[in-house]
Amino acid sequence: MTLREPRPSDLPDILAINAAALANYAQAQFTHPFRHLHPAAFECAMTHGPREKLAAAPDGTSFNIVLEDPETHSVVAWGFWRRNHGPAFTSKIDGYRALAARGPHVQDASDLAIITPSGGPIASAPNTNINININIDSGNSNGGVGEQAKPRELEMPAEVSPSASPARVRLSKICAANDALAHFAHPHWYLSHLLVHPAHKRKGYGTTLTLWGMQRARADGLPCLLTASIEGEKLYSRLGWRVIGRRTLPRLEDMPEAERAMEERLLGKAVVEEQFTALPPSVMAWGDRVEDYAVLEADGPDRGPQLTN
Ligand SMILES: CC(C)(COP(=O)(O)OP(=O)(O)OC[C@H]1O[C@@H](n2cnc3c(N)ncnc32)[C@H](O)[C@@H]1OP(=O)(O)O)[C@@H](O)C(=O)NCCC(=O)NCCS
Numbered sequence: 000m001t002l003r004e005p006r007p008s009d010l011p012d013i014l015a016i017n018a019a020a021l022a023n024y025a026q027a028q029f030t031h032p033f034r035h036l037h038p039a040a041f042e043c044a045m046t047h048g049p050r051e052k053l054a055a056a057p058d059g060t061s062f063n064i065v066l067e068d069p070e071t072h073s074v075v076a077w078g079f080w081r082r083n084h085g086p087a088f089t090s091k092i093d094g095y096r097a098l099a100a101r102g103p104h105v106q107d108a109s110d111l112a113i114i115t116p117s118g119g120p121i122a123s124a125p126n127t128n129i130n131i132n133i134n135i136d137s138g139n140s141n142g143g144v145g146e147q148a149k150p151r152e153l154e155m156p157a158e159v160s161p162s163a164s165p166a167r168v169r170l171s172k173i174c175a176a177n178d179a180l181a182h183f184a185h186p187h188w189y190l191s192h193l194l195v196h197p198a199h200k201r202k203g204y205g206t207t208l209t210l211w212g213m214q215r216a217r218a219d220g221l222p223c224l225l226t227a228s229i230e231g232e233k234l235y236s237r238l239g240w241r242v243i244g245r246r247t248l249p250r251l252e253d254m255p256e257a258e259r260a261m262e263e264r265l266l267g268k269a270v271v272e273e274q275f276t277a278l279p280p281s282v283m284a285w286g287d288r289v290e291d292y293a294v295l296e297a298d299g300p301d302r303g304p305q306l307t308n
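Numbering that gives the first Met the number 0 applies: residue 0 is where the sequence shown begins, and numbers increase by one.
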């Protein structure tokens with residue numbers, strides 16, 4: 000496999016990996032509960048992140064890295080790291096502090112514009128309100144893509160965002176701000192995205208991309224942090240990462256009654272309750288202790304992956 004920085008022409012491969020790897024991603028169930036009612040909007044939200052990250056001008060704060068199959072020339076894995084350090088990061092954390100101080104009563108959308116989670120799972124939802132009759136092919140709104148169910152027709156209220164109710168989005172962003180203050184407020188490298196195409200899992204590619212960032216962070220003198228998926232947690236533990244806490248999810252009782260009722264009508268009461276009581280992902284750290292570095296030296300100083308070009 001060739002380890003290299005991505006090129007613009009890699010975008011289709013990366014979007015395909017993103018779609019395949021995240022199709023049943025637990026966190027997407029919470030951030031996009033209406034995903035099966037609005038598949039096009041969900042797809043748009045899912046492709047927005049990779050597009051934006053790959054297009055980011057190199058300014059030393061974000062790093063894309065891919066693995067290319069030398070035979071097919073297709074990209075099979077993508078990693079995206081953020082270097083959270085310096086004045087822009089400090090001012091972002093100050094913004095979180097200001098917002099968190101106001102508690103769950105923030106109403107003004109512009110207040111929330113300052114919240115751009117540091118790569119965490121709470122993505123901001125597109126807020127295009129729509130009012131349409133929609134045919135969906137999955138009656139189980141919490142189910143995976145491709146599940147078979149009878150088509151049904153729903154009339155979406157005008158206030159429904161394609162992604163989630165405004166209250167869910169607002170409360171999620173406040174949680175993200177508090178999580179940032181609790182876990183991500185000091186300078187670090189953040190492993191924001193690690194995606195391996197399902198056909199190429201368990202070949203060591205996720206490990207290679209993770210080691211790449213760990214090596215870079217070490218050279219930079221900064222520790223690493225991430226929010227782990229269930230699949231990822233095992234991989235990171237093997238590389239010496241430690242669970243230092245958990246992300247938080249909004250509490251169902253903080254949802255305004257009208258929006259809660261609307262969600263329950265669209266998704267079903269049990270599904271809404273299940274989503275709000277799910278175990279949030281863990282936060283993991285590596286590189287804040289000298290002994291952590293041993294994993295990079297296990298096979299000699301060159302254990303860390305090197306760029307091929
Ligand atoms: C999590 C994810 C990135 C792991 O990628 P991966 O390339 O399969 O990871 P690796 O191959 O390096 O390691 C996975 C397992 O395969 C094993 N493995 C590695 N090389 C292997 C090989 N040649 N033969 C057999 N097993 C191998 C590893 O030991 C590891 O085992 P473990 O889970 O028991 O520790 C991938 O499953 C994924 O994209 N998931 C969806 C998105 C996601 O959850 N991303 C992480 C966000 S925090």
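Even for Gly, the Cβ is constructed at its ideal location relative to N, Cα and C.
Open item on the list: Quick check on Phe62: does DSSP put it in helix, strand or coil?
Closed with: Indexing the sequence shown from 1 puts residue 62 at position 63. In the structure shown, Phe62 sits in a strand (DSSP, three-state: E or B).
Task: Limits of the unbroken beta strand (DSSP E) element including Met254 - done: Your numbering for residue 254 matches position 255 in the sequence shown. Met254: not part of any beta strand (DSSP E); DSSP gives it neither H nor E.
Open item on the list: So Asp287 and Pro222 are supposed to be a Cβ contact under 8 Å. How far apart are they, rounded?
Closed with: For the purposes of this step, residue 287 is identified with residue 288 of the sequence shown, where counting begins at 1. For the purposes of this step, residue 222 is identified with residue 223 of the sequence shown, where counting begins at 1. Rounded to whole angstroms, the Cβ separation of Asp287 and Pro222 is 4 Å, and the two are in contact under 8 Å.
Task: Extent of the continuous beta strand (DSSP E) run through Arg81 - done: Taking the first residue of the sequence shown as 1, we reach residue 81 at position 82. Secondary structure note for Arg81: its beta strand (DSSP E) is the uninterrupted segment 74–83.
Task: Nearest residue (CA-CA) to Pro197, options Glu4, Phe29, Asp9, Ala18 - done: Taking the first residue of the sequence shown as position 1, residue 197 is located at position 198. Pro197 has its Cα closest to that of Ala18, out of Glu4, Phe29, Asp9, Ala18.
TODO: With DSSP as the reference, label Ala269 as helix, strand or coil.
DONE: As a position in the sequence shown, residue 269 is number 270, starting the count at 1. In the structure shown, Ala269 sits in a helix (DSSP, three-state: H, G or I).
Open item on the list: Is Ser228 a contact residue of ligand 1, with contact defined as CB to any heavy atom under 6 Å?
Closed with: Translated into positions along the sequence shown, residue 228 becomes position 229. Taking 6 Å as the cut-off, the C-beta of Ser228 counts as close to a heavy atom of ligand 1.
Task: C-alpha gap between Thr60 and Glu272, whole angstroms - done: As a working note, residue 60 is residue 61 in the sequence shown. As a working note, residue 272 is residue 273 in the sequence shown. Those two C-alpha atoms are separated by around 38 Å.
- [ ] Please name the residue or residues paired with Trp240 in a DSSP beta bridge.
- [x] The residue labelled residue 240 in the question sits at position 241 within the sequence shown. Paired residue(s): none; Trp240 is not in a bridge.
Task: Distance cut-off 6 Å: Tyr204 Cβ against heavy atoms of ligand 1 - done: Locating residue 204 in the sequence shown gives position 205, where the first residue counts as 1. Yes, ligand 1 has a heavy atom inside 6 Å of this Cβ.
Open item on the list: So, with DSSP's three-state summary, where would you put Ser228?
Closed with: Indexing the sequence shown from 1 puts residue 228 at position 229. Of the three classes helix, strand and coil, the one that applies to Ser228 here is coil, per DSSP.
Open item on the list: At a cut-off of 6 Å, would you count Lys52 as near ligand 1, judging by its Cβ distance to the nearest heavy atom?
Closed with: For the purposes of this step, residue 52 is taken as the residue at position 53 of the sequence shown. Not one heavy atom of ligand 1 lies closer than 6 Å to the C-beta of Lys52.
Open item on the list: Beta-carbon within less than 6 Å of Val75's beta-carbon, same chain only, minus the 5 sequence neighbours each way: which residues are those?
Closed with: Locating residue 75 in the sequence shown gives position 76, counting from the first residue. The residues are Leu66, Asp68, His196, His199.
TODO: Have a look at Leu170 and Thr207 and give me their C-alpha separation to the nearest angstrom.
DONE: Along the sequence shown, read from residue 1 onward, the residue named residue 170 stands at position 171. Along the sequence shown, read from residue 1 onward, the residue named residue 207 stands at position 208. Their backbone Cα atoms lie some 36 Å apart in a straight line.
Task: Nonlocal neighbours in the same chain, by C-beta distance under 8 Å from Pro5, ignoring five residues either side - done: For the purposes of this step, residue 5 is taken as residue 6 along the sequence shown, with counting starting at 1. The residues are Ile13, Leu53, Asn63, Ile64, Val65, Val74, Trp77.
Open item on the list: Closest to Glu42 by C-alpha separation, out of Phe275, Arg264, Ala15, Ser164, would be which residue?
Closed with: What you label residue 42 is simply residue 43 of the sequence shown in a count that begins at 1. Cα-wise, what sits closest to Glu42 is Ala15.
TODO: Using the Cα positions of His35 and Glu296, report the straight-line distance between them to the nearest angstrom.
DONE: For the purposes of this step, residue 35 is taken as the residue at position 36 of the sequence shown. For the purposes of this step, residue 296 is taken as the residue at position 297 of the sequence shown. So the two alpha carbons sit approximately 46 Å from each other.
Open item on the list: Is Lys268 near ligand 1 - that is, is its Cβ less than 6 Å away from at least one heavy atom of it?
Closed with: Your numbering for residue 268 matches position 269 in the sequence shown. Checking every heavy atom of ligand 1 against the Cβ of Lys268, none is found closer than 6 Å.
Task: Within 7 Å, strictly: CB atoms of Ile229 and Val282 - done: Numbered from its first residue, the sequence shown carries residue 229 at position 230. Numbered from its first residue, the sequence shown carries residue 282 at position 283. Pairing Ile229 with Val282 gives a Cβ-Cβ distance that is not under 7 Å.
Task: Rounded straight-line distance, which links the Cα of Leu21 to that of Pro309 - done: Look at the range of the chain in this structure, 0 to 308, and you will see that residue 309 is not part of it.
TODO: Assign Leu225 to one of two classes, buried (16 or more other C-beta atoms within 10 Å of its C-beta) or exposed (fewer than that).
DONE: Locating residue 225 in the sequence shown gives position 226, counting from the first residue. Under this definition Leu225 is a buried residue.
- [ ] Would you list the residues sitting across from Arg3 in a DSSP beta bridge?
- [x] The residue given as residue 3 occupies position 4 in the sequence shown. Val65.
Task: Bridge partner(s) assigned by DSSP for Tyr189 - done: Position 190 of the sequence shown, counted from the start, is the residue given in the question as residue 189. According to DSSP, Tyr189 bridges with Arg81, Leu224.
Open item on the list: I need the DSSP call for Val10, collapsed to helix, strand or coil.
Closed with: Position 11 of the sequence shown, counted from the first residue, corresponds to residue 10. Before going further, note that residue 10 is Leu rather than Val in the sequence given. In the structure shown, Leu10 adopts helical secondary structure according to DSSP, grouped into three states.
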